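All residue numbers for the sequence shown refer to the numbering used here, where the first residue is 1 and numbers rise by one.
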Amino acid sequence: MIIRKPFYFMRHGLTDWNFEGLCQGQVDVPLNDTGVRQAYENIVQQHEITHVFYSPLKRASQTAEIVSKFISATKIEMIEIQECNFGNRQGKPWKLNSWADLKTLDYPMDYAIKKCQTTFRYTDEEMEILSKELRRYFILGNKCKGLGMYSTDVDNLWHMFILFTKEYAKFGNDVFGHFFHHAPEDNSNLSDDEKRQAHKKFVDFITVYEETFQEPIHSIWLLNSYQKFTDSTKLKV
1 MIIRKPFYFM RHGLTDWNFE GLCQGQVDVP LNDTGVRQAY ENIVQQHEIT
51 HVFYSPLKRA SQTAEIVSKF ISATKIEMIE IQECNFGNRQ GKPWKLNSWA
101 DLKTLDYPMD YAIKKCQTTF RYTDEEMEIL SKELRRYFIL GNKCKGLGMY
151 STDVDNLWHM FILFTKEYAK FGNDVFGHFF HHAPEDNSNL SDDEKRQAHK
201 KFVDFITVYE ETFQEPIHSI WLLNSYQKFT DSTKLKV
């Protein structure tokens, strides 16, 4: 007679490399403070668990140690369930896979979106684009310090977000661990040399955007700074 028993999978807590979006593989990266807290929060006392199996890596063994204390389970280390070796990808960044990247894409900013739409009379479709592109800008800005803002329309939504000062400050601290400063790109009254430098920075921005998101840059970033959705040059969806 086969006796069926449930088998639960638990992910280890956060590590610094998780947070930074780096491939871990078999590199023995320990939990950070957030990861330890997550392990405590994931205690599964409501289930009858007698054994905890874990890989030899610190992040897994630390999580198993914390959980086992609360459920009186026997810990068994198994090298067979150790993470895959990613070779020369270990220690290098994933594309859009860091905790901060993923949280940015899902972070609620409905209040800012509603305020922006009311103020500038964007359509629902246009607001979806602005929301997506502002979130992408935040991801790029966190990776590339000193990144300028090259879209008037995306900047409009950023301004509206900043108006909700407590929520905006919380967003920066929750996602990036610091306040995310506003960085408009003012190309007025530039010398010829400064214009060339500004153009190079913009080309670099396009390159980083397309490398990160693996698709051509959205047309909203290519509009003249004086063109809006309401002008004859409409946004390509």
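Virtual Cβ for every residue (Gly too), placed ideally from N, Cα, C.
A quick note: this is a predicted structure, and the numbers were derived from the prediction, not measured.
- Beta bridge pairing from DSSP links residue 51 with 74.
- Per the C-alpha coordinates, the member of 84, 86, 40 positioned closest to residue 70 is 40.
- In this structure, DSSP gives residue 160 a helical state, which the three-state scheme calls helix.
- Only exposed fits residue 179, as fewer than 16 other CB atoms lie within 10 angstroms of its CB.
- DSSP, read as helix, strand or coil, puts residue 127 in helix.
- As DSSP reads the structure, residue 149 sits in a beta bridge with 184.
- In this model, residue 168 and residue 108 are separated by some 11 Å (Cα to Cα).
- Look at residue 14 here: in three-state DSSP terms it is coil, with no helix or strand label.
- When DSSP states are grouped into helix, strand and coil, residue 57 belongs to the coil group.
- Taking the Cα positions, residue 143 is about 21 Å away from residue 157.
- Counting C-beta pairs closer than 8 Å gives three or more between the stretch 20-29 and the stretch 82-91, which meets the contact rule.
- Residue burial is scored here from C-beta neighbours: residue 116 has at least 16 other C-beta atoms within 10 angstroms and is therefore classed as buried.
- Residue 221 places its beta carbon less than 8 Å from that of residue 150.
- When only Cα atoms are considered, residue 164 and residue 112 end up about 7 Å apart.
- Taking every protein chain shown into account, the CB of residue 189 has fewer than 16 other CB atoms within 10 angstroms, so this residue is exposed.
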